[in-house]
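Participant: Sending over a structure as structure tokens; questions will come in a sec.
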Amino acid sequence: MTGKPDSSPLQRYLAHLEDGELAYQFSPAADRPVFFPRVACPYTGNADLEWRVSSGRGVVYATTTVHPASGDPYNVSLIDCREGFRMMSRVEGVPSADVKIGMDVELRIIAQPDGDPPLPVFVPAEGQS
Amino acid sequence: MRGSAAIVGVAESDLGAVADGMSPIDLMAQGVTRALDDAGLKISDVDGIFAATSQVRLSALALSEYLKIPSAYLGSTIVGGSSFMLHVAHAQAAIQQGLCEVAVIAYGSTQRTVGRKSSSAREHNPYETPFKPFLPTTAYALAAARHMFQFGTTREQLAAVAVAARDWALLNPKAWEKKPLTVDQVLSARMVSDPLTVRDCCLVTDGGGAIVMTSYERAKTLKKPVVAVLGCGAAVTHNSISSMPDLVTTGAVQSGCDAYAMALLGPAEIDAVEIYDAFTINTILFLEDLGFCPKGEGGRFVEDGKIAPGGSLPVNTNGGGLSYCHPGMYGIFLLIEAVRQIRGECGARQVKGCEVALAHGNGGVLSSQSTVILGAESTV
Numbered sequence: 001m002t003g004k005p006d007s008s009p010l011q012r013y014l015a016h017l018e019d020g021e022l023a024y025q026f027s028p029a030a031d032r033p034v035f036f037p038r039v040a041c042p043y044t045g046n047a048d049l050e051w052r053v054s055s056g057r058g059v060v061y062a063t064t065t066v067h068p069a070s071g072d073p074y075n076v077s078l079i080d081c082r083e084g085f086r087m088m089s090r091v092e093g094v095p096s097a098d099v100k101i102g103m104d105v106e107l108r109i110i111a112q113p114d115g116d117p118p119l120p121v122f123v124p125a126e127g128q129s
Numbered sequence: 130m131r132g133s134a135a136i137v138g139v140a141e142s143d144l145g146a147v148a149d150g151m152s153p154i155d156l157m158a159q160g161v162t163r164a165l166d167d168a169g170l171k172i173s174d175v176d177g178i179f180a181a182t183s184q185v186r187l188s189a190l191a192l193s194e195y196l197k198i199p200s201a202y203l204g205s206t207i208v209g210g211s212s213f214m215l216h217v218a219h220a221q222a223a224i225q226q227g228l229c230e231v232a233v234i235a236y237g238s239t240q241r242t243v244g245r246k247s248s249s250a251r252e253h254n255p256y257e258t259p260f261k262p263f264l265p266t267t268a269y270a271l272a273a274a275r276h277m278f279q280f281g282t283t284r285e286q287l288a289a290v291a292v293a294a295r296d297w298a299l300l301n302p303k304a305w306e307k308k309p310l311t312v313d314q315v316l317s318a319r320m321v322s323d324p325l326t327v328r329d330c331c332l333v334t335d336g337g338g339a340i341v342m343t344s345y346e347r348a349k350t351l352k353k354p355v356v357a358v359l360g361c362g363a364a365v366t367h368n369s370i371s372s373m374p375d376l377v378t379t380g381a382v383q384s385g386c387d388a389y390a391m392a393l394l395g396p397a398e399i400d401a402v403e404i405y406d407a408f409t410i411n412t413i414l415f416l417e418d419l420g421f422c423p424k425g426e427g428g429r430f431v432e433d434g435k436i437a438p439g440g441s442l443p444v445n446t447n448g449g450g451l452s453y454c455h456p457g458m459y460g461i462f463l464l465i466e467a468v469r470q471i472r473g474e475c476g477a478r479q480v481k482g483c484e485v486a487l488a489h490g491n492g493g494v495l496s497s498q499s500t501v502i503l504g505a506e507s508t509v
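So the protein sequences, as listed, match chains A and B. Counting in this note's numbering, the first sequence runs from 1 upward without gaps. Counting in this note's numbering, the second sequence runs from 130 upward without gaps.
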């Protein structure tokens with residue numbers, strides 16, 4: 001075999017982000033989502049993981065405000081996405097202290113400086129009471 | 130397996146802020162030679178080496194070279210601060226199988242001197258690092274936030290853990306912290322990752338230590354009272370915090386169950402509890418998961434001095450990672466303290482009539498949990 005294989009799980013994930021999509025994997029055999037992206041399903045060992053695109057809807061599972069030694073405090077949250085996978089992200093659009101566990105949130109994919117890949121962050125969902 | 134091996138020597142290396150130029154392996158060697166002295170054994174008796182540190186990639190090789198033990202049985206499992214509990218389990222198995230007869234387990238760290246960034250550099254995780262979690266603290270803060278949400282645990286209850294640890298540390302001449310601490314001081318300290326202030330977080334010190342193990346039969350011929358390994362258990366639930374299945378239930382449920390089953394004991398029979406308090410939430414989670422109180426009750430369990438000196442359940446009697454010492458992978462100190470409590474060597478902080486002690490290690494971000502139950506000769 002010569003040359004490199006087509007793509008890694010990370011490359012596929014980042015390519016979706018470049019297209020404005022949050023992608024995750026789904027294992028047909030295990031009938032459940034898989035995240036972070038992998039080369040094989042952790043439940044079955046099969047390599048037949050499907051790539052799917054998330055609706056971008058989720059709920060805050062846990063949240064914290066990080067207070068760096070210098071610079072402004074910022075939010076770090078774990079988001080339970082509607083499709084059944086959990087990811088680290090942050091909630092923007094409200095002060096971090098106002099981000100609450102159980103809050104409905106929705107995806108925003110934002111551009112990053114310095115050529116870093118786009119970042120999947122969340123904002124409070126429309127109609128959030 | 131129950132009681133087939135024993136811990137016969139324990140020692141800390143220099144602790145706190147060590148001399149300039151000391152290496153992690155210097156500290157390991159200091160711990161090993163002091164622990165062998167404690168056991169009445171010599172380097173030439175050692176035929177098993179177990180070692181782990183975040184600063185030296187091939188630490189078992191380095192220690193074998195340093196002590197000139199060329200053909201030792203080697204183990205260098207590294208699962209963060211719980212590594213040394215696994216080393217105890219692995220050494221017990223090796224001793225029982227005749228793969229070695231006298232094993233040393235060693236740790237050394239100069240993280241205070243060289244700085245956290247160079248002592249344990251964070252790996253890049255493309256699914257977490259872009260969000261700048263301040264690890265490990267942010268991971269534990271997320272667990273604490275979730276515990277507060279689900280069970281009504283309060284910051285005051287978290288702070289009570291730090292205060293109890295400090296009260297124990299004031300009874301330990303080797304402890305880094307020498308002044309009393311109040312709940313208000315914890316609450317008003319600098320916030321690191323909400324709800325955890327810097328006083329909810331472990332110390333950043335240098336330090337190391339070692340343990341000597343051999344068979345139960347040989348242990349009875351040595352100079353110190355026998356401390357037998359009655360039970361061991363280990364579980365890994367995740368590596369990064371975003372993959373932890375349930376932020377308020379740790380692998381300690383499984384590791385504790387397995388250790389209790391092997392020891393033929395339960396939480397009610399534990400006289401001294403030494404659990405890895407990297408952050409105040411840890412103590413609450415592990416007291417629950419190891420069966421000392423029901424799930425969700427940990428905050429209320431610790432709030433009235435129950436785990437402090439004079440309380441009904443002695444927890445972290447050396448002052449813990451919060452107030453005694455914390456060089457980064459703290460687990461070995463839990464084992465050292467558990468052994469000393471069973472031997473009755475703890476002076477002002479001695480738990481009266483301590484026959485059984487539990488040492489529980491935590492590694493990563495609540496990732497690796499490992500429980501060791503130790504007992505006096507009367508319990509074997």
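The beta carbon of each residue, even a glycine, is placed where N, CA and C say it ideally should be. Keep in mind that this is a model prediction, so the values were computed, not measured.
1. Alpha carbons only, please: which of ASP116(A), ASP6(A), GLY127(A) and ASP104(A) is nearest the one belonging to GLY56(A)?
2. Can you tell me whether DSSP reads PRO33(A) as helix, strand or coil?
3. Short of 7 Å Cβ to Cβ, which residues in the region 317-349 of chain B face chain A?
4. Would you say SER249(B) reaches chain A, if we count a Cβ-Cβ gap shorter than 8 Å as a contact?
5. Between which two residues does the alpha helix (DSSP H) carrying CYS386(B) extend?
6. Just verifying my parser: in three-state terms, what is the DSSP assignment at ILE465(B)?
7. Note down, in chain order, each residue of its chain lying with its Cβ closer than 6 Å to the Cβ of ALA189(B), except the 5 sequence neighbours on either side.
8. Let's see if you can read the secondary structure: which residues bound the beta strand (DSSP E) around GLY336(B)?
9. Buried or exposed for LEU332(B), please, with buried defined as at least 16 other CB atoms from any protein chain shown within 10 angstroms of its CB.
10. Which residues, taken in chain order from the region 55-68 of chain A, show a beta carbon closer than 8 Å to some beta carbon of chain B?
11. Tell me where the alpha helix (DSSP H) around ASN411(B) begins and ends.
12. Tell me whether HIS367(B) counts as near the ligand SAM, meaning its Cβ is closer than 7 Å to at least one heavy atom of that ligand.
13. Nearest by alpha-carbon distance to THR412(B): which of GLU432(B), ALA397(B) and GLY395(B) is it?
14. Between the region 245-257 of chain B and the region 314-328 of chain B, do three or more beta carbon pairs fall short of 8 Å?
15. Once DSSP output is grouped into helix, strand and coil, what is the label at TYR195(B)?
16. Which residues in chain A have a C-beta closer than 7 Å to the C-beta of SER371(B)? List them in chain order.
17. To the nearest whole angstrom, what separates the beta carbons of GLY150(B) and ALA235(B), a pair I think is in contact under 8 Å?
18. Contact between the region 303-316 of chain B and the region 444-462 of chain B: three or more CB pairs below 8 Å?
19. Would you kindly report the start and end of the unbroken alpha helix (DSSP H) that includes LEU270(B)?
20. Does DSSP classify TYR202(B) as helix, strand or coil?
21. Apart from the five residues on each side of it in sequence, which residues of its chain come closer than 6 Å, Cβ to Cβ, to LEU156(B)?
22. Short of 7 Å in beta carbon distance, which residues of its chain neighbour ASP174(B), apart from the five on each side in sequence? Order them along the chain.
23. At a Cβ cut of 9 Å, what residues of the region 391-421 of chain B count as close to chain A, listed as they run along the chain?
24. Taking Cβ to Cβ, would you say LEU487(B) is nearer than 8 Å to ILE399(B)?
25. Can you give me the C-alpha to C-alpha distance between ARG108(A) and VAL233(B), rounded to a whole angstrom?
26. Could you pull out every residue in the same chain whose Cβ sits closer than 8 Å to the Cβ of LYS353(B), ignoring the five residues on either side in sequence?
27. Compare the C-beta of THR267(B) with all C-beta atoms of chain A and state if any pair is closer than 8 Å.
28. Note down the Cα distance separating SER96(B) from SER371(B), rounded to an integer number of angstroms.
29. Between which two residues does the alpha helix (DSSP H) harbouring GLY490(B) extend?
Facilitator: So, to answer that:
1. ASP104(A)
2. strand
3. MET320, VAL321, SER322 and ASP323
4. no
5. 381-392
6. helix
7. ILE178, ALA180, LEU203 and SER205
8. 336-344
9. buried
10. TYR61, ALA62, THR63, THR64, THR65, VAL66, HIS67 and PRO68
11. 409-418
12. Of the ligands one can find in the structure shown there are none, so the ligand SAM has no counterpart to examine.
13. GLU432(B)
14. no
15. helix
16. LEU78, ARG86, MET87 and MET88
17. Incorrect: roughly 19 Å between the Cβ atoms, too far for contact.
18. yes
19. Reading off the sequence, residue 270(B) comes out as Ala, not Leu. That run of the alpha helix (DSSP H) goes 266-280.
20. strand
21. SER142, GLY237 and GLY337
22. VAL231
23. none
24. yes
25. 53 Å
26. VAL137, GLY138, ASP167, ALA168, GLY169 and ARG472
27. yes
28. With chain B covering 130 to 509 only, the question about residue 96(B) has no answer from this structure.
29. Premise fails: GLY490(B) lies in the beta strand (DSSP E), 485-492, not in any alpha helix (DSSP H).
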